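Chemist: Encoded as structure tokens, here's the structure I'll be asking about.
Number of protein chains: 2
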Amino acid sequence: MVTLAVDAMGGDHGPRITVPAVLLALSARQDLRVLLFGRQQDLAAAFDPSAHPQSDRLLLVHADEVVGMAESPSVALRSKKQSSMRLMLDALDAGQVDGCVSAGNTGALMAISRHVLKMSDGIERPAIVSALPRPDGRHTFVLDLGANVGCDSEQLHQFARMGRAVARVLDGLPDPRIALLNIGSEDSKGNDQVKLAQELIRADDQLNYVGFVEGTDLFGDRADVVVCDGFVGNVALKTVEGLARFILAEIRATFASDWRGRLLAWLIRPYWRRIEARINPGHYNGAALIGLRGVVVKSHGNAGEAEFLQALLLAARYAEKKLPEQIEQEL
Amino acid sequence: MVTLAVDAMGGDHGPRITVPAVLLALSARQDLRVLLFGRQQDLAAAFDPSAHPQSDRLLLVHADEVVGMAESPSVALRSKKQSSMRLMLDALDAGQVDGCVSAGNTGALMAISRHVLKMSDGIERPAIVSALPRPDGRHTFVLDLGANVGCDSEQLHQFARMGRAVARVLDGLPDPRIALLNIGSEDSKGNDQVKLAQELIRADDQLNYVGFVEGTDLFGDRADVVVCDGFVGNVALKTVEGLARFILAEIRATFASDWRGRLLAWLIRPYWRRIEARINPGHYNGAALIGLRGVVVKSHGNAGEAEFLQALLLAARYAEKKLPEQIEQEL
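Going down the list, the sequences are from chains A and B. Residue numbers for the first sequence follow the working numbering, beginning at 874 and rising by one. Residue numbers for the second sequence follow the working numbering, beginning at 874 and rising by one.
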């Protein structure tokens, strides 16, 4: 069995999305249990236990408070000790669950996670990591995707070491290729931060460093792990989401423009489904906060049911793999 | 007539790509003239004048030297005074041509442009600007895309003012909406650089500032001009290119996987061509270096013929619009 704690109140839509997604996850995985944290009245409104046979693996836990999406992380940390987010992390810290999922305020999730779970030895700051698809069917792990608005070179070095561990644990790569994201691949390119980080990473014998890569290389096969600061990584990730949705919408609109197109769109449905499964950002929802002593997965704030489900399944896999312990061992 | 100076030696492929692209441009626009700068022997090898009736509008100009793609900008500026890039810019400065195009070393192009052409009054640093497509058929102008590895808040403010001018001149928008690229839309988000830039831009009555936007909004319609520092912008732009090519390749591979798919791919060709025209990054090749006293367009270094052609046509349009003079007037 895998047990997850879930913040039902997080995200732009709250229980309206998180509750149905949790029920889908319980149907999809018979070995999954969920502790769902939220305001009782909101949970009750979104959930009818009689209609859901799998609800014996679901426990609703009342939480008086909610961390707002725009709330300051430090205020949330100090004053929201009965929030769904805080109680979820307390349950993980107490060993009652194997991992956590929230679509809530990223800054608050990070601050409270650091406070409750603590950092792994030798890691100063958590990073958010996610896997981007590649033409060869494998992944490129990218970090940091927004846990930190600014990182010094030493932190980028730590991210490289954590990224190596993640690629080894999750994709079974014996010696993942590590790269730094820059605006050119030549050594002369970039700012002082990436140049200094390159020196530190190059000097680290444990890391198979392959040099600077550019944004285009995120979808190539030059590297298995791409390291960047959280500002750059967040912009890149959200640009990916925006462009992928734009392209899918453009394709749909082009076929919908006349009856012949609509007929062809119907004929190509099986192919289109396979294409969407590869490129729809919703299928990649869920990013891990790593460097912490516990599995914490952040879902996109505006995730729908199917997307929040992906984040739940991701957290279950990371919990099974005991990702934080494995990262600590690797480091 | 519009006359362009073209650096035949720039880019990953040099005259093998630039010469055929120039011939295509001369066919496409009967009112275009080109001065093509490069090493005589390389130009001669790529060009057979007898086969090209439009060659009466093409003048080959010998340039002894070439600026290397990885060469230091300061070295290129000091020691390559007979390079194709330098002579091209000298011709623009002397008023012999209306605009310039190079696929060469971006840093060198910027350094030599600044030295030869000088900056417009009140602008400290050039910026690279390009237009991204939007669902509503209009564009979002994004700058800086890599002219500067780091920018202070005052420079971001200048970019906002230049971006407003570009959107007014090129898209005829009376009062373009200006935004700053950040990792969240709330005022509390981001680093000191963007927060301070927001104060400066908000305080500027001439600018219709709409707040922070995220990477997803580059393809939405929240803003007409998105301002960011060159490191972030370059990563975002190259991520866009990489993802767009990845998606196009995934779609082609999915349809090519069996005979039924190949048949369907043949049937949907007219729709596919329209889709590709919208989303293939090659159709958007060419970005203007603005803030300079002259039209300078940078092509992607690895552009093919059709892509370099786009950069040439873009430069011709910007030269006709007298973009630098118009930006100066706007400022």
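Beta carbons: idealized from backbone N, C-alpha and C, even for Gly. Small disclaimer: the values here were computed from a predicted structure and weren't measured.
1. Please give me, in chain order, every unbroken run of the beta strand (DSSP E) with length at least 3 that falls completely inside the stretch 911-962 of chain A.
2. Identify every run of the beta strand (DSSP E) within the stretch 1007-1092 of chain B, keeping only runs that are complete inside it and at least 3 residues long; order them along the chain.
3. Within the continuous alpha helix (DSSP H) that includes residue 899 of chain B, where are the two ends?
4. Among B:1095, B:1158, B:901, which residue has its Cα nearest to the Cα of residue 1110 of chain B?
5. Quick one: which chain A residues come within Cβ less than 8 angstroms of residue 1059 of chain B?
6. Once DSSP output is grouped into helix, strand and coil, what is the label at residue 1229 of chain B?
7. What does the alpha-carbon distance come out to for the pair residue 1012 of chain B and residue 1006 of chain B?
8. Taking 8 angstroms as the cut-off, does the stretch 1188-1195 of chain A touch the stretch 1150-1157 of chain B (at least 3 CB pairs, one atom from each stretch)?
9. Name the two residues that bound the continuous beta strand (DSSP E) containing residue 1164 of chain B.
10. Looking at the unbroken beta strand (DSSP E) that takes in residue 877 of chain A, where does it start and where does it end?
11. Is there a C-beta anywhere in chain B that falls below 8 angstroms from the one on residue 1122 of chain A?
12. Residue 1111 of chain A touches chain B at which residues, Cβ-Cβ below 7 angstroms?
13. If you draw a straight line from the alpha carbon of residue 932 of chain B to that of residue 1088 of chain A, how long is it in whole angstroms?
14. Would you check if the distance between the CB atom of residue 941 of chain A and the CB atom of residue 979 of chain A is smaller than 8 angstroms?
15. Pick out the complete beta strand (DSSP E) segments inside the stretch 1106-1157 of chain B, 3 residues or longer, and give them in chain order.
16. Counting only beta-carbon separations shorter than 8 angstroms, does residue 920 of chain A have a partner in chain D?
17. Which residues, in chain order, does the stretch 951-973 of chain B contribute to contact with chain A at a C-beta distance below 9 angstroms?
18. Hey, out of B:981, B:1009, B:969, B:1147, whose CA is closest to residue 999 of chain B's CA?
19. With a threshold of 8 angstroms, are at least 3 pairs of Cβ atoms found where one atom belongs to the stretch 1123-1130 of chain A and the other to the stretch 1050-1068 of chain A?
20. According to DSSP, is residue 1185 of chain B part of a helix, a strand, or is it coil?
21. With the cut-off set at 8 angstroms, would you say residue 961 of chain A and residue 880 of chain A are in Cβ contact?
22. Cβ of residue 983 of chain B within 8 angstroms of Cβ of residue 1008 of chain B?
23. Sort A:937, A:907, A:904, A:977 by Cα distance to residue 1176 of chain A and report the nearest one.
24. Who are residue 1172 of chain B's beta bridge partners in DSSP?
25. DSSP beta-bridge partners for residue 906 of chain B?
26. Who are the neighbours of residue 1032 of chain A on chain B, taking C-beta pairs under 7 angstroms?
27. So is the beta-carbon of residue 1049 of chain A under 7 angstroms away from any non-hydrogen atom of the ligand ZN?
28. So what's residue 972 of chain B in DSSP terms, helix, strand or just coil?
29. Distance check for residue 1060 of chain B and residue 1166 of chain A, CA to CA, integer angstroms please.
30. Does DSSP classify residue 1096 of chain B as helix, strand or coil?
31. Is there a C-beta anywhere in chain B that falls below 8 angstroms from the one on residue 1104 of chain A?
32. May I have the straight-line CA-CA distance separating residue 1079 of chain B from residue 1098 of chain B, to the nearest angstrom?
33. Do residue 877 of chain A and residue 1185 of chain A come within 8 angstroms of each other at the CB atom, strictly closer than that value?
34. Can you list the residues of chain B that residue 1004 of chain A reaches, using a CB-CB cut of under 8 angstroms?
35. What's the gap between the Cα of residue 1132 of chain B and the Cα of residue 1139 of chain B?
36. Between the stretch 1140-1150 of chain B and the stretch 955-975 of chain B, do at least 3 Cβ pairs fall closer than 8 angstroms?
Modeler: Put simply:
1. If one requires a minimum length of 3 residues, the beta strand (DSSP E) runs lying completely within the stretch 911-962 of chain A are 931-935, in chain order.
2. 1012-1016, 1050-1054, 1081-1086
3. Under the DSSP assignment, residue 899 of chain B falls in the alpha helix (DSSP H) whose first and last residues are 888-901.
4. Ranking the options by Cα distance to residue 1110 of chain B, first place goes to B:1158.
5. 943
6. Nothing can be reported for residue 1229 of chain B, as the shown portion of chain B is limited to 874 through 1204.
7. 5 angstroms
8. no
9. No beta strand (DSSP E) holds residue 1164 of chain B; DSSP gives it neither H nor E.
10. 875-880
11. yes
12. 1087, 1088, 1089
13. Roughly 37 angstroms separates the two Cα atoms.
14. Cβ atoms of residue 941 of chain A and residue 979 of chain A: not closer than 8 angstroms.
15. none
16. The structure shown has no chain D; the protein chains it does contain are A and B.
17. none
18. Nearest of B:981, B:1009, B:969, B:1147 to residue 999 of chain B, Cα basis: B:981.
19. no
20. helix
21. yes
22. no
23. A:977
24. Residue 1172 of chain B is not bridged to any residue.
25. DSSP lists B:876 as the beta-bridge partner residues of residue 906 of chain B.
26. Those do not exist, as residue 1032 of chain A stays about 16 angstroms from chain B at its closest Cβ, beyond 7 angstroms.
27. Absent from the structure shown: the ligand ZN. Ligands present: none.
28. strand
29. When only Cα atoms are considered, residue 1166 of chain A and residue 1060 of chain B end up about 31 angstroms apart.
30. coil
31. By this cut-off, residue 1104 of chain A is an interface position.
32. 14 angstroms
33. yes
34. Against residue 1004 of chain A, chain B offers no close residue; the least beta-carbon distance is about 14 angstroms (beta-carbon pairs closer than 8 angstroms).
35. 11 angstroms
36. As far as the Cβ criterion goes, the stretch 1140-1150 of chain B does not touch the stretch 955-975 of chain B, which means the pair count is below three.
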